[in-house]
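Only one structure is covered here, and it is reproduced in the block below.
In the numbering used here, the protein residues as written are 9 to 454.
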């Protein structure tokens, strides 16, 4: 199979970037001569440097960095296989390029567009769901997870979610602002109201000064849905996106820690100092809410006119058990199953911060996230469920952070106390809709 890959440049111009071929199960990519001579051309990933010749995936990677982020992950691939089986009556293995071309062009992550024989590739009958479709999406996802037959019209709605990564059930929807968004649906193996807890962490991150996408939390009788606005769209214009996994060109179980990530960021970011400080703040949030789902596909970069910049934070989830799962360590000295926030301060220079500035950031984040109970309650978490997450939010790293020396300011950042971050009414922040409709809490980033 041969696919033509186009890219929407930061100026908004769409241009043919190159071709991808799948021969014998190996994907090869080659830039088009016209792209190489274009004044706005940029490498789709650091490992795909501009130049003639073929590129193939490194190590055990099945797909090239720069193209892989436009593919779905576990949930989307399962849906694709189910749709293919329904259409043909039998199982058929989908190659990497077949997976890529089956993603809807309207929803595909980032700035890439895909053609075959000159025609844009997109699933037939694909359409973008609306917020009114959320109850049907929840039920369809539940049925799909149980292995039950899903009606064709509901499967079509879910199909739009195949553009997105991760194992969680999800779909592409238009949010209450009419913008493209991800609807993250309840999963069969969720511990408690996982979407309310993720909304809690996004709000705590925002209060901590971390950039997060605009999001809405829709509560139904027994569960809830988190609708997160796509940050790879600016109005109708697509923005190039590259995950940290693609930036690192990491293969398989290759070791990576935050010190290595920030080093790679500094070599590739157009705003290395600001992005390094932002990443430091995000790591502090991650450690103080025990977010263990912080692998390299859950960090990313957006393409701007002058280069790559750190994308807003996403997929921040607390985990109720300490010391049971390995996640991204701060440095080589850190224990992946028991990470230590003191090592974040110790490595302040790797993030281009003075020790004093780094200490102030950790203090500000600790203060901003300490109010987690009230924030969780505002998203509808039951009071009796708060105790299940005490270890996640009030674990050893909170005590360690409180014991750290203060920076030169001697006090937390004003971000931690900004009244703009408190629940409000009809202006769009934490706005509660009429009781007859699903309860909605929304949050707009500053």
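The C-beta atom is built at its ideal place from N, Cα and C for all residues, glycine as well.
When you compare each of the options to residue i by their alpha carbons, which one comes out closest?
i: residue 104; options: 137, 157, 370, 36; result: 36
i: residue 408; options: 258, 390, 370, 67; result: 370
i: residue 161; options: 173, 154, 176, 144; result: 144
i: residue 29; options: 278, 109, 135; result: 109
i: residue 412; options: 270, 125, 146, 349; result: 349
i: residue 231; options: 98, 387, 126; result: 387
i: residue 67; options: 146, 259, 203, 255; result: 259
i: residue 33; options: 10, 26, 48; result: 10
i: residue 39; options: 25, 244, 48, 255; result: 25
i: residue 13; options: 102, 198, 119; result: 119
i: residue 368; options: 334, 335, 410; result: 410
i: residue 373; options: 304, 292, 222; result: 292
i: residue 86; options: 334, 175, 243; result: 175
i: residue 135; options: 46, 152, 59, 163; result: 163
i: residue 334; options: 300, 354, 304; result: 300
i: residue 71; options: 414, 59, 31, 198; result: 31
i: residue 309; options: 347, 278, 298, 390; result: 278
i: residue 61; options: 295, 128, 27; result: 27
i: residue 298; options: 280, 346, 41; result: 346
i: residue 273; options: 101, 287, 261; result: 287
i: residue 456; options: 101, 88, 304, 146; result: What is shown of the chain runs 9 to 454, which leaves residue 456 out entirely.
i: residue 296; options: 173, 63, 208; result: 208
i: residue 305; options: 74, 63, 47, 48; result: 74
i: residue 107; options: 127, 99, 392, 84; result: 84
i: residue 414; options: 328, 364, 100, 262; result: 364
i: residue 328; options: 223, 100, 206; result: 206
i: residue 198; options: 150, 173, 262, 395; result: 150
Hey, residue i and residue j: beta-carbon distance below 9 Å or not?
i: residue 337; j: residue 265; result: yes
i: residue 212; j: residue 380; result: yes
i: residue 360; j: residue 284; result: yes
i: residue 313; j: residue 18; result: yes
i: residue 165; j: residue 148; result: yes
i: residue 217; j: residue 376; result: yes
i: residue 267; j: residue 184; result: no
i: residue 219; j: residue 321; result: yes
i: residue 15; j: residue 121; result: yes
i: residue 401; j: residue 326; result: yes
i: residue 158; j: residue 191; result: no
i: residue 330; j: residue 404; result: yes
i: residue 254; j: residue 50; result: no
i: residue 406; j: residue 378; result: yes
i: residue 187; j: residue 241; result: yes
i: residue 245; j: residue 59; result: no
i: residue 196; j: residue 153; result: yes
i: residue 235; j: residue 102; result: no
i: residue 355; j: residue 69; result: no
With a threshold of 16 other CB atoms inside 10 Å of the CB of residue i, please say whether the residue is buried or exposed.
i: residue 138; result: exposed
i: residue 428; result: Because the pLDDT at residue 428 is just 32, under 50, the model does not fix this residue reliably, and the value given afterwards should be weighed accordingly. When all chains shown are included, residue 428 counts as exposed.
i: residue 432; result: Interpretation of residue 432 is limited by its pLDDT of 28, a score under 50 that renders its predicted location unreliable; the figure taken from the coordinates is listed afterwards. Classification for residue 432: exposed.
i: residue 398; result: exposed
i: residue 22; result: exposed
i: residue 422; result: Annotation note: pLDDT 39 at residue 422 (below 50); position unreliable, no value reported.
i: residue 91; result: buried
i: residue 124; result: exposed
i: residue 302; result: buried
i: residue 535; result: Nothing about residue 535 can be reported from this structure: the residues present for the chain run from 9 to 454 only.
i: residue 419; result: Below a pLDDT of 50, predicted positions are generally treated as unreliable, and residue 419, at 48, falls in that range; the measurement from the model is reported next regardless. That one is exposed.
i: residue 307; result: buried
i: residue 269; result: buried
i: residue 43; result: buried
i: residue 319; result: buried
i: residue 93; result: exposed
i: residue 358; result: buried
i: residue 324; result: buried
i: residue 215; result: buried
i: residue 97; result: exposed
i: residue 290; result: buried
i: residue 332; result: exposed
i: residue 391; result: exposed
i: residue 65; result: buried
Mind checking whether the beta-carbon of residue i lies closer than 8 Å to any heavy atom of the ligand FMN?
i: residue 85; result: Summarising the ligand content, the structure contains no ligands, and the ligand FMN is consequently not present.
| task | May I ask you to verify whether the region 222 to 232 touches the region 171 to 181, counting CB pairs closer than 8 Å and requiring at least 3? | result | no
Are at least three pairs of beta-carbons, each pair with one atom in the region 249 to 258 and one in the region 44 to 56, less than 8 Å apart?
yes
### Task
Examine the Cβ distances between the region 107 to 127 and the region 78 to 96 and report whether three or more of them are shorter than 8 Å.
yes
Ignoring anything shorter than 4 residues, give me the alpha helix (DSSP H) runs that lie fully in the region 125 to 190, in order along the chain.
142 to 153, 160 to 167
* Kindly provide the ranges of any beta strand (DSSP E) runs that are 3 or more residues long and lie completely inside the region 86 to 131, ordered along the chain. => 120 to 124
### Task
Could you tell me which uninterrupted alpha helix (DSSP H) segments, each at least 4 residues in length, are contained entirely in the region 197 to 251, listed from first to last along the chain?
202 to 215
* In chain order, which alpha helix (DSSP H) runs of at least 4 residues are fully inside the region 262 to 317? -> 266 to 276, 280 to 296
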